[in-house]
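First up is the structure itself, then whatever we jot down about it.
Protein chains: 2
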Amino acid sequence: MVTIDDIAKKMKVSKGTVSKALNGAFDVSETMRKSILETAVEMGYTKPLRKKEAPRFCVFAVTMAYRNPEDFGSDIITGFRKMAEPAGCTVAIQQLDAAFREANPSFDGYMLEHNYAGALFLDLDLQDPWLKQLHTSRTPAVLLDNYVMQNAATAYIGTDNDEAMYLAIQHLKKLGHQKIGYLSGTLNAYINQVRYEAFFRALQLHGLPCDRELAGTSNHLLENLQVHFPRLMQQGVTAFMCSHDLLAHGLMLHCQDLHIRVPEDISIVGFDDLPICAYTNPPLTTIRQDRTQMGKSAYYALSSLAENIPISTLLLHPQLVVRNSTGAPPVHTDNSCTPDPQ
Amino acid sequence: MVTIDDIAKKMKVSKGTVSKALNGAFDVSETMRKSILETAVEMGYTKPLRKKEAPRFCVFAVTMAYRNPEDFGSDIITGFRKMAEPAGCTVAIQQLDAAFREANPSFDGYMLEHNYAGALFLDLDLQDPWLKQLHTSRTPAVLLDNYVMQNAATAYIGTDNDEAMYLAIQHLKKLGHQKIGYLSGTLNAYINQVRYEAFFRALQLHGLPCDRELAGTSNHLLENLQVHFPRLMQQGVTAFMCSHDLLAHGLMLHCQDLHIRVPEDISIVGFDDLPICAYTNPPLTTIRQDRTQMGKSAYYALSSLAENIPISTLLLHPQLVVRNSTGAPPVHTDNSCTPDPQ
């Protein structure tokens, strides 16, 4: 455990100067303050919580998908605050945009400088510059849908994707579907890798064909719709599982353009149960993640890490929400993407 | 949500009688009480918690491996009680022995009859008659090292086995081992299946040979020692990962009998960090699970389920504890199980 004393000795300054710098006092020069912060981070210093001092937490988001009630992150932040604020904690929300990143290259440095006891990350992708730092950071951090192995200061929180895919495939199989395709966002996101593998495990558990050719993945909606979708239709796929609701919704609109009827010609299942799902045409069958409970559980995980309880993974049970985008497969499947005759 | 009213209507008795039967009042006949309990269980009735009423929880154990401080279950129960009792909860401990099972065929019935709000199971195996019931039970239940898919009333708690195996294999690889074998208890236990798969994933991640022939599994220590161990030695294995400390310790004693030196001739790694590991000869390198924190987390999971927060999985970070049973592989590996010349 690195102490203020250790930092003072290394920098050959007084303990008082280090303490002032770490606590943002005004009578330490900006250069000295930065230099002390950098040394503290290098040495792996983390600020001990004072007894009875309620911690300050920061929620980080790369995209803005939390500002409106219908955004994915909104209920998660609400759930987190519902637990944190009654416990006396302060919760800040910080967007990881370009300007912020330029000003703050170091995660630990930022956390120490702003006196945050822990962080919740909503949407880091695998290339994120801070994700690499999270492998060695000593600052408690909870990652939604991201897993960092071998760091007892980080925890992964999310949905039980194996169960989710099992439920979706079970539903489609019961309706009579035998060949089920998968469309996914880029496998550069950890969550997409997990869902991709979970999809194939579910096919296998239900005894359905699970050739990897049954999946298409892309960062671009258009590639999924114009390349993978017709390829899968030609393979005789009658139902499509999608890695996210927005992709499912895009597919639904594309089918309307092509006069492919949902669910008469193909069935579509989404993932997340965003508020939009109840209002698409037809309303979307999807997997519900209870985002408020997810936020509450994220608070539990983060406050546990801050108390040295080494949570690694915390998953919630998903629910299958059956609406009207799924039905029995067409009686004669002719393996083509031709429009419905009118 | 099934109510007392529903049960009364179905049984054509008064609500008062149902209420008395469910609360164990003395002025309801034993036959009537049993009959009402059975109907309540069949209908999926669960007793609602009264506001501010602290719940009663029951910890179930099949074996007695919790009575002494050095037993695996002891610290888990202590951790659970450390959280539960200050919160006003009552915690009972019940051994699932033959007499108990005969008297109590139904899990839900037992829980309802004894007014328990939830259960923690320490050591169910996959053939356990109650495990099947847990797939459809409405009673909150947390299972240590057991996963029940598709029941939002149950949660799996345990160690991050992927991380554990990754750490162990990384350690052995750094020491110079290239061919690592695995000895495991029966794959009839969920936890053994998970560790088995995690072992091979870890080999793969570290770029080591991961032929399934490198593993031996058995319910019987002797089969592991007399059949699998020599078979693996003949394959040129220089380090053995074991699914449990007791198996590792058994292997160590067997090696002493055969004058095979640990770690000079072979390295051995255990799993669990039972108190005995520090006192074996040589002391055992192993994976530590923080059992007290596991118990505390089990309480969190169970109280969450009781409040309808659908926890599915809660895993803790393991730690690699390096002692003296691991070292560099012998310079000349001659692929045989011959004793050390003396």
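Quick note, the sequences are listed as chains D and R, same order. Numbering follows numbering that gives the first Met the number 0, in which position 2 of the first sequence is assigned residue number 1; successive positions increment by one, without gaps. Numbering follows numbering that gives the first Met the number 0, in which position 63 of the second sequence is assigned residue number 62; successive positions increment by one, without gaps. Every residue gets a Cβ at the ideal spot worked out from N, C-alpha and C, and that includes glycine. A quick note: this is a predicted structure, and the numbers were derived from the prediction, not measured.
- Only D289, Q292, K295, S296, Y299, I308, P309 from the stretch 288-309 of chain R bring a Cβ to less than 7 Å from some Cβ of chain D.
- If you look at D:R211, you'll find it isn't in any alpha helix (DSSP H); DSSP assigns it neither H nor E.
- No Cβ of chain R is located within less than 8 Å of the beta carbon of D:L202.
- Of all alpha-carbon atoms in D:A305, D:L111, D:R55, the one lying nearest the alpha-carbon of D:E41 is that of D:L111.
- If the five residues before and after R:H248 are omitted, its C-beta is found closer than 6 Å to the C-beta atoms of T279, all from its own chain and listed in chain order.
- Under the three-state reduction of DSSP output, R:M164 falls in the helix class.
- In the three-state scheme derived from DSSP, where H, G and I count as helix and E and B as strand, R:R287 is classed as strand.
- Counting of Cβ neighbours within 10 angstroms places D:P104 among the exposed residues, the total staying below 16.
- For R:S136, no Cβ of chain D is located within less than 8 Å of the residue's own Cβ.
- When the Cα atoms are used, R:K33 and R:L21 turn out to be separated by approximately 9 Å.
- For the set D:T284, D:I259, D:T77, D:P328, the Cα lying nearest the Cα of D:Y298 is the one of D:T77.
- When Cβ pairs closer than 8 Å are counted between the two stretches, the stretch 222-239 of chain D is seen to touch the stretch 165-177 of chain D, the count reaching three or more.
- When C-beta distances to chain D are compared with 8 Å, every residue of the stretch 201-230 of chain R stays at or above that value.
- Chain-ordered listing is empty here: chain R has no CB closer than 8 Å to the CB of D:Q255, the nearest sitting near 33 Å.
- With respect to chain D, the C-beta atom of R:T45 has no partner C-beta closer than 8 Å.
- Counting the other Cβ atoms within 10 Å of the Cβ of D:M293 gives 16 or more, which makes it buried.
- Separation of R:I259 and R:V330 (C-alpha to C-alpha, rounded to the nearest whole angstrom) is 15 Å.
- Under DSSP, the beta-bridge partners assigned to R:Y155 are R:L142, R:T312.
- No residue range can be given for D:Q126, since it is assigned to no alpha helix (DSSP H) and is classified by DSSP as neither H nor E.
- Looking at the DSSP output, D:Q318 sits in a beta bridge with D:R287.
- Those residues of the stretch 312-325 of chain R placed with their C-beta closer than 7 Å to a C-beta in chain D are T312, L313, L314, L315, H316, ordered along the chain.
- If you draw a straight line from the Cα of D:M82 to the Cα of D:T325, it is about 37 Å long.
- Between D:A60 and D:L125 a beta carbon distance of about 17 Å is seen, past the 8 Å cut, so the two are scored as non-contacting.
- For R:A201, the closest alpha carbon among the candidates R:T38, R:D161, R:T45 is that of R:D161.
- About 7 Å separates the CB atoms of D:I179 and D:L213; that is less than 8 Å, so the two are in contact.
- Around R:E196, no beta-carbon contact reaches into chain D at under 9 Å, the shortest distance being about 12 Å.
- A check of alpha carbon separations from D:R211 across D:A197, D:L273, D:G87, D:C57 identifies D:A197 as the nearest.
- Looking at the backbone, the Cα of R:C88 and that of R:F56 are separated by about 7 Å.
- Taken in chain order, the unbroken stretches of alpha helix (DSSP H) that lie wholly in the stretch 19-70 of chain R and span 4 residues or more are 29-41.
- Membership of R:A86 in any beta strand (DSSP E) is not indicated, and neither H nor E is assigned to it by DSSP.
- Counting along the chain, the unbroken alpha helix (DSSP H) around R:G108 starts and ends at 106-112.
- Within its own chain, the residues whose Cβ lies closer than 8 Å to the Cβ of R:G23, once the five positions on either side in sequence are excluded, are R32, E112, N114, listed in chain order.
- By the Cβ neighbour-count rule, D:K295 is buried, with 16 or more other Cβ atoms within 10 Å of its own.
- Scanning the stretch 220-245 of chain R from its first residue to its last, the whole beta strand (DSSP E) runs of 3-plus residues come out as 238-241.
- Nearest CB-CB separation between D:A151 and chain R: below the 8 Å threshold.
- The Cβ neighbour count for R:A163, taken over all protein chains shown within 10 Å, is at least 16; the residue is labelled buried.
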